[in-house]
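Have a look at the structure below, then the notes.
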DNA sequence: AACATCCTCAACCGCTCTCGT
DNA sequence: TACGAGAGCGGTTGAGGATGT
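In this note's numbering, the protein residues as written are 6 to 274.
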């Protein structure tokens, strides 16, 4: 076996010289996909060696997980997904792979990118640190309730509204056209923990947003690290067709909302 | 139309963790 | 127990497309 360089998927110096970097070609994708289809995942250095790809095992693994793997979803992150990401991040921090487990088809890389390009950006616009209590509270007590409000409003106004409402309120299964699944238990928890009567844009003078049940941060989180996966497995059911009917691209990161949040933050100081 | 700037996201890098010897 | 190699994770980068001037 070849000598391994520290922290890399081992290969000889000669091989390192001919390692390909950068975007993958269709041909490379095809080779990798065919190999893994036959031999299964894992042993990434062997994959690189046996396929003749001039890529590191690490690169092969990443390409498979983030792009070639079946069921990988790409495209707009839906409001439900955004809500889940915000909620799970508030519980687990930058544990992207753990968060990704709760968003089937989404990769840790995609969620990480979403966080950095959307959430961190908005924190900057609000002139506060993304990790500050102030910003986290704003997300939790203002942003998330309003996301939920939107989801529920959409649910009640769309043809699939009944199913969507059901998704948020209990754990009955429904199929969606894309076969996309998410974690209903977590969504249900978010909906039950978030105060959907938080101030709306039409009531931007209101500053008394709060949590249901007394406003304690600790009362918000109810899923423990150890059982979230079990919950999901037990209640495996589908996501609504929101993503498929034009709603999926919507989000709340609008100028209007930024102004509103700036006002909320100012009031809070 | 041309250029500048911004934004997104695929991919890389370095570190840590896990497992076998 | 110590060590080495593979695997996985989170942070960062940069190419290229989108948008603004």
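Glycine is no exception: its CB is placed at the ideal position from the N, C-alpha and C atoms. Quick caveat, the model's predicted, so the values are computed rather than measured.
query	result
Can you check which of these residues, 32, 85, 118, is closest to residue 151 by C-alpha distance?	85
First and last residue of the alpha helix (DSSP H) that includes residue 25?	Neither: residue 25 is in no alpha helix (DSSP H) and is coded neither H nor E.
Quick check on residue 68: buried or exposed, where buried means 16 or more other Cβ atoms within 10 Å of its Cβ?	buried
Hey, how far is the Cα of residue 154 from the Cα of residue 138?	23 Å
Reducing DSSP to helix, strand and coil, say where residue 121 ends up.	helix
Using a 10 Å radius around the Cβ and a threshold of 16 neighbouring Cβ atoms, would you call residue 32 buried or exposed?	exposed
Around the Cβ of residue 115, are there at least 16 other Cβ atoms within 10 angstroms (buried) or fewer (exposed)?	buried
Alpha carbons only, please: which of 42, 36, 43 is nearest the one belonging to residue 59?	36
Buried or exposed for residue 80, please, with buried defined as at least 16 other CB atoms from any protein chain shown within 10 angstroms of its CB.	exposed
Starting from the C-beta of residue 66, find all residues in its chain whose C-beta is less than 6 Å away, skip the five residues before and the five after it, and write them out in chain order.	49
Does DSSP put residue 43 in a helix, in a strand, or in coil?	helix
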